[in-house]
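What follows is a set of notes on a single structure, which appears directly below.
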Amino acid sequence: MNIIVPAKLNEKKDKMILLDQTLLPIETKYIEIVKVEDTWEAIKKLRVRGAPAIGVAAGFGVYLGVKESMAKTYDEFFKEFKEAKDYLASSRPTAVNLFWALDRMERRLIEEKDKSILEIKECLLEESEEILKEDQEMCKKISEYGLSLLKPEMGLLTHCNAGGIATSGYGTALGPMYLGQEKGYNFKVFADETRPLNQGSRLTAWELNEAGIDVTVICDNMASIVMKQGKINAVLVGCDRVAANGDTANKIGTSGVAILAKEYGIPFYVLGPTSTIDMDTTTGDDINIELRESKEIYNGFGKVTAPPQVKFYNPAFDVTDNKYITAIITEKGIVEPPFEENLKQLF
Numbered sequence: 004m005n006i007i008v009p010a011k012l013n014e015k016k017d018k019m020i021l022l023d024q025t026l027l028p029i030e031t032k033y034i035e036i037v038k039v040e041d042t043w044e045a046i047k048k049l050r051v052r053g054a055p056a057i058g059v060a061a062g063f064g065v066y067l068g069v070k071e072s073m074a075k076t077y078d079e080f081f082k083e084f085k086e087a088k089d090y091l092a093s094s095r096p097t098a099v100n101l102f103w104a105l106d107r108m109e110r111r112l113i114e115e116k117d118k119s120i121l122e123i124k125e126c127l128l129e130e131s132e133e134i135l136k137e138d139q140e141m142c143k144k145i146s147e148y149g150l151s152l153l154k155p156e157m158g159l160l161t162h163c164n165a166g167g168i169a170t171s172g173y174g175t176a177l178g179p180m181y182l183g184q185e186k187g188y189n190f191k192v193f194a195d196e197t198r199p200l201n202q203g204s205r206l207t208a209w210e211l212n213e214a215g216i217d218v219t220v221i222c223d224n225m226a227s228i229v230m231k232q233g234k235i236n237a238v239l240v241g242c243d244r245v246a247a248n249g250d251t252a253n254k255i256g257t258s259g260v261a262i263l264a265k266e267y268g269i270p271f272y273v274l275g276p277t278s279t280i281d282m283d284t285t286t287g288d289d290i291n292i293e294l295r296e297s298k299e300i301y302n303g304f305g306k307v308t309a310p311p312q313v314k315f316y317n318p319a320f321d322v323t324d325n326k327y328i329t330a331i332i333t334e335k336g337i338v339e340p341p342f343e344e345n346l347k348q349l350f
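Numbering-wise (the numbering used here), the sequence shown opens with residue 4 and increments by one.
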């Protein structure tokens, strides 16, 4: 299988090569990023998106942000690093991987404080590339655990995009679909359009089609009828943050899909790395939900679809209560209820 890596460093390690996902599926274009401001813009504008991929991009971005530092002392260098780190942390508030990756880079910096500035830079480069490598290994393990819950010929529903371009490999929610394709499972996948930015129809459908997987796009409000018609045997979604009790934040609309799945007796699986589980966030009520600009609703693709002068409400995520989740699938295994007790075992 051809693995798409949405964010990586070039051979000289002085630029980040980023797949601009805002242009898909019409155009496949990679952009070069050097400045920390451009990394911030790429995360904010969803040129890179998906919690794991955001973490990878943040690691590379903060490294590039201090790569050319002229600091002579550790304290000067640490101050520059903190400025770059805090700036990148302001790009998006909900995806915990962003903060996880930045904190991990800071810990490595502190661990190497007795080395020269040049050696510290090399350590930061090493750490950023390790985040990418671990993400790829994580995707494969999640995919294997996820596939163990599925059977050939199943109809699967997914929401938003949690595939290779949202991570750095097989993806999370789409990973079992890719592994199933390799093993001849012949899944029939339904991809919610995922309004308002259509990550399902623009990205998931593009990915799956490129891989030769049977994929059908439906509007978000069609999920109920395909479930009622018996076309869906399982729902697989990604996650941007999982609270300690199992409540899960994911792309807006996920909660509604979970409620429908519960009504129709369909298993609802959340797939994501343990880095997405935030044990410091007690419940979903404590998750900060990002609000985005109104034009994504009324003019997201260059055509006005509502009067711009009316009020709009545009939360990027919603929280699925743990009671609607059948299992949370991580690289360390499959976690079933009660989540408040069982998630702790992962750590």
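In this text, a Cβ means the ideal position worked out from N, Cα and C, and glycines have one as well.
Check                                                                                                        : Outcome
Start-end ranges of the beta strand (DSSP E) lying completely within the stretch 223-281, minimum 3 residues : 237-240, 244-246, 251-254 and 271-274
Rounded C-alpha distance that separates Thr-329 from Lys-16                                                  : 42 Å
Cβ contact check for the stretch 126-139 and the stretch 111-118: 3 or more pairs under 8 Å                  : yes
Assigned exposure category for Leu-211 - 16 Cβ within 10 Å defines buried                                    : buried
Of the listed residues Glu-130, Ile-46 and Leu-67, nearest to Ile-57 (C-alpha basis)                         : Ile-46
C-beta atoms of Thr-219 and Pro-276 nearer than 8 Å                                                          : no
Collapsed DSSP secondary structure at Met-180 in the structure displayed                                     : helix
CB of Phe-350 within 8 Å of CB of Asp-243, strictly                                                          : no
Gly-215 CB to nearest heavy atom of the ligand MN below 7 Å                                                  : The model depicted lacks the ligand MN and carries no ligand whatsoever.
Test: Gly-62 CB closer than 8 Å to a CB of chain D                                                           : Structure shown: chain D not included; a single protein chain is present.
Close Cβ partners of Met-198 (< 6 Å) along its chain, the five nearest in sequence each way excluded         : Note that residue 198 is Arg in the sequence shown here, rather than Met. Asp-223.
Under 8 Å between C-beta atoms of Thr-279 and Thr-323                                                        : no
CB contact flag (Ile-269, Met-230, <8 Å)                                                                     : yes
Rounded separation between Leu-152 and Ala-261 - CA only                                                     : 17 Å
Gly-178 and Ser-204 closer than 8 Å at C-beta                                                                : no
Counted within 10 angstroms of its Cβ, other Cβ atoms place Lys-298 as buried (16 or more) or exposed        : exposed
Three-pair Cβ contact test at 8 Å for the stretch 245-253 versus the stretch 280-296                         : yes
Phe-304 burial status per 10 Å Cβ neighbour count (16 or more: buried)                                       : exposed
Gly-166 versus Glu-30 - alpha carbon distance                                                                : 18 Å
Segments assigned beta strand (DSSP E), at least 3 residues, entirely inside the stretch 107-166             : 158-161
Straight-line Cα distance separating Asn-13 from Tyr-267                                                     : 48 Å
DSSP three-state assignment for Ala-92, whether helix, strand or coil                                        : helix
Alpha carbon of Trp-43 to alpha carbon of Gly-53, nearest angstrom                                           : 15 Å
Which of helix, strand or coil DSSP assigns to Ile-46                                                        : helix
Limits of the unbroken beta strand (DSSP E) element including Phe-320                                        : 320-323
Per-residue DSSP class, three states only, for Thr-207                                                       : helix
Helix, strand or coil at Tyr-33 [DSSP, three-state]                                                          : strand
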